[in-house]
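So the structure is just underneath, and the comments pick up after that.
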Amino acid sequence: MHGRKISLYNMFVGKADVVNQYCQWLFPLLDEVNKQIDFSGYDSYQKRILGFMAERLFNVWIEHNKRNIKVGIQKGCKY
1 MHGRKISLYN
11 MFVGKADVVN
21 QYCQWLFPLL
31 DEVNKQIDFS
41 GYDSYQKRIL
51 GFMAERLFNV
61 WIEHNKRNIK
71 VGIQKGCKY
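Position 40, counted from 1, in the sequence shown is what UniProt numbering calls 40; the numbers after and before it change by one each time, with no gaps.
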């Protein structure tokens, strides 16, 4: 958690069991935050706060679980 790198865009590829583990960890957190935020004064950009949080939490989850799962980072892709 002391690094200076972050993976954004909520995009990753993984085996179904790994994705399920991540989602089972992430969505209860986001649901709880969602219950505590009053979005009524937020503009359309600010309403994306849960997505922004998910981007950052992905890095937390990877850091915590990288000993148990194989993690590879693709710096960019061509399509």
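Backbone N, C-alpha and C fix where the C-beta goes; we use that ideal spot for every residue, glycine too. All values derive from a computational prediction rather than experimental measurement.
Margin query: Leu8 and Glu63 - do their beta-carbons sit closer together than 9 Å?
Written below: One-based indexing of the sequence shown puts residue 63 at position 63. One-based indexing of the sequence shown puts residue 8 at position 8. No Cβ-Cβ contact shorter than 9 Å links Glu63 with Leu8.
_Range of the contiguous alpha helix (DSSP H) that encloses Val19_ = Walking along the sequence shown from the start, residue 19 turns up at place 19. Unbroken alpha helix (DSSP H) run through Val19: Ala16 to Gln36.
message = Please report the straight-line C-alpha distance between Asn65 and Phe27, rounded to a whole angstrom.
response = Mapped onto the sequence shown, residue 65 falls at position 65. Mapped onto the sequence shown, residue 27 falls at position 27. Going by the C-alpha atoms only, they are around 17 Å apart.
Less than 7 Å between C-beta atoms, sequence neighbours within five positions excluded: which residues of the same chain meet that for Trp25?
To locate residue 25, count along the sequence shown from 1; it is residue 25. The residues are Trp61.
Does the Cβ of Tyr22 have 16 or more other Cβ atoms within 10 Å, making it buried, or fewer, making it exposed?
The residue labelled residue 22 in the question sits at position 22 within the sequence shown. Buried.
task = Confirm, please, whether the CB-CB distance from Phe58 to Phe12 is below 9 Å.
result = Position 12 of the sequence shown, counted from the first residue, corresponds to residue 12. Position 58 of the sequence shown, counted from the first residue, corresponds to residue 58. Result yes, Cβ atoms of Phe12 and Phe58 sit closer than 9 Å.
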